[in-house]
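Here is the structure we will look at.
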Amino acid sequence: MTAPSTFGLSSEARNLHWLLTNLVEEVPGILSVAVVSSDGLLLLSSDQESTDAARRARTERRTGPRGSAADLATIVSGIGSLTVGAAKLMAFGAVKHTMVAMEEGSLFVMSISDGSLLGVHGSADCDMSVVAYHMALFVGRAGHVLTPELRSELRKSLESESTGSPR
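In this text, residue positions in the sequence shown follow our numbering: the first is 125, and each later residue adds one.
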């Protein structure tokens, strides 16, 4: 993982970047991670090169997601919406997490706070229980700091990186 620049960010934003980096580096089998806001916008990603490509695509006004960070954010947002709708129809309460096991990988989506979501793309041989455990730790540590102000700061930092302007 290429560590994103955290220069000029608040201590809460730097801490969230550190938590994400730590999640990816400590848990075997994690391929990429995305933190997505309630409106489906990418806030943080472990895949810096693809995040940069997604930013360039957005500024060039291309249609559709580009790169794995943008793809993961789109999928996480869609699955989050689908499961919330299903939970309302079934009247079983709020969705805590969703796991999708595929032949060649896994997808995990977990609620953070206020509709924000943590999405993890794992390899086929990852231990799903270990990934889920570490995601729960991340959510527990990040949930109380992921305020509207912090989400706004993270969005602005992504936008300023795409335009090359200082934060």
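Don't be surprised by glycine CBs; every beta carbon is placed ideally from N, CA and C.
- Minimum Cα-Cα distance from N146 among the listed residues P272, L278, L261 corresponds to L261.
- Distance between S240 and L206, taken at the CA atoms: about 14 Å.
- In this structure, DSSP gives V148 a helical state, which the three-state scheme calls helix.
- Annotation: the continuous beta strand (DSSP E) that includes V160 extends over 154–160.
- Judged by beta-carbon spacing, L274 lies within the 9 Å limit of A137, meaning their Cβ atoms are closer than that value.
- In this structure S201 is buried. Its beta-carbon is surrounded by 16 or more other beta-carbon atoms within 10 angstroms.
- For H141, the number of other beta carbons within 10 angstroms of its own is at least 16, and it is reported as buried.
- The C-alpha of L165 is placed about 25 Å away from the C-alpha of Y257.
- A215 sits in coil when the DSSP states are folded into three classes, being neither helix nor strand.
- Straight across, the Cα-Cα distance linking D163 with L231 is about 20 Å.
- One thing to note: I154 has its Cβ within 9 Å of the Cβ of V148.
- DSSP places L231 within a strand segment (E or B) once states are collapsed to three.
- DSSP, read as helix, strand or coil, puts L241 in strand.
- Judged by beta-carbon spacing, V151 lies beyond the 9 Å limit of V263, meaning their Cβ atoms are not closer than that value.
- In this structure, S156 is the residue among S156, A211, R279, D251 with its C-alpha nearest to the C-alpha of L144.
- For H221, the enclosing beta strand (DSSP E) has its first and last residue at 221–226.
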